Amino acid sequence: YFVLIFVLIDVGSEVTIPRCVKKQINRVNTPSQSPEEYFRRTIFNSFLDHTIVHLSDRFIKHKQIITELEKLIPRCINVNSLDLSKDTIIFYESLLPDSTVFNEEFSTWKLKWLKDNIEKKPSNAVESLLECDERFFPNIRKLMEILATLPVSTATVERTFSTLRCLKTYLRNTTGEDRLTGLALLSIQKEINVDPKEVVRRFALIPRRQGFVL
C-alpha cells in the first residue's frame, strides 16, 4: 500500500476512495476512516477470505472425503463402523449408478466381511476392488475405483509431465495417442516387466504389410 502511495506521489496524484451515498446500488458502502482502511476492508480482506476458503475446499474438505472412502476397505470394517457421511455421497452422487440405495448396499457390504471368517482381508483399494462384485455392489465398486485411482500427491502428475516432455518432442509431434500412451506407460511404470516374445507375437498379428526382421 505504501509503495503505491509513493508511486502516486511521483506522478502527482493521491489515493482516493469512492464517495459514500445514502442509496447505493452497484456496491456496498464500506465504512472507513482512511483510504488505507477502505482498501484493506474492500480488497485485502476479501482476497484473504477467498484464499482461505479456496484452500479449505481444495485440501481440508477433500482430505475428509478421502478418509470417509477408506471406510469401504474390508480391513477397516468392524462392528462399530459408521456409515459414510452424507457429504461424501453428495460429492460423488453424479458418478454413482444409484446413490439412493447406497446405505443399504453399504450395510450388505459390511455384513459380508463381518460374517465371512477370512484371515487376510483386503487392506487397500486395489485389493478391495478385485473382491467387489459389480452386480451386487455397483455403488461401492465405483467408489473403490475412485479411491484406487486418486493420486496421493502431485508427484505422480509431475512425473508424468516430465516423461511426456521427453517423449513428445518436435520430431515426434505426429505421434498417435495410442503410441504415446504406450511409450509413456513403459517409461513411467518401469517396475512392470514386458515380455519381448509377447510383444513380437502381438506385432505379428497386426494386419500390416511391413517387413519385420528379427
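full-length UniProt numbering puts the first residue of the sequence shown at 1, with every later residue one more than the last. We treat Cβ as the ideally placed atom computed from N, Cα and C, and that holds for glycine. This one's a predicted model, so the numbers in the text were calculated from it and none came from an experiment.
What are the boundary residues of the alpha helix (DSSP H) that includes D49?
For D49, the uninterrupted alpha helix (DSSP H) segment begins and ends at N45 to L55.
Could you give the DSSP three-state label for Q64: helix, strand or coil?
Under the three-state reduction of DSSP, Q64 is assigned to helix.
Report buried or exposed for S123, applying the criterion of at least 16 other Cβ atoms within 10 angstroms of its Cβ.
exposed
Considering Cα atoms alone, identify which of V3, H54 and K112 is closest to N78.
Of the candidates V3, H54 and K112, the one whose C-alpha sits nearest the C-alpha of N78 is K112.
For I65 versus F106, is the C-beta distance shorter than 9 Å?
no
So what does DSSP say about F136, is it helix, strand or coil?
coil
Could you tell me the distance, in whole angstroms, from the CA atom of C20 to the CA atom of S56?
34 Å
From E145 to E70, what does the alpha carbon distance come to, in whole angstroms?
12 Å
Okay, do the segment 130–138 and the segment 174–185 touch, 3+ Cβ pairs below 8 Å being the bar?
no
Mapping DSSP to helix, strand and coil, what is S85?
coil
Look up R202 in the DSSP assignment and say whether it is helix, strand or coil.
helix
Using a Cβ-Cβ cutoff of less than 8 Å, which residues in the same chain neighbour L143 once the five nearest sequence positions on both sides are dropped?
L69, L72, Y92 and L96
What residue does the alpha helix (DSSP H) around S107 start on, and which one ends it?
F102 to K115
Cβ of L186 versus every heavy atom of the ligand FMN: is any distance shorter than 8 Å?
No copy of the ligand FMN occurs in the structure displayed, which carries no ligand at all.
With distances taken Cα to Cα, identify the nearest neighbour of K120 among P18, C76, A148 and T88.
C76
Is it the case that the Cβ atoms of L84 and F102 are separated by a distance below 9 Å?
yes
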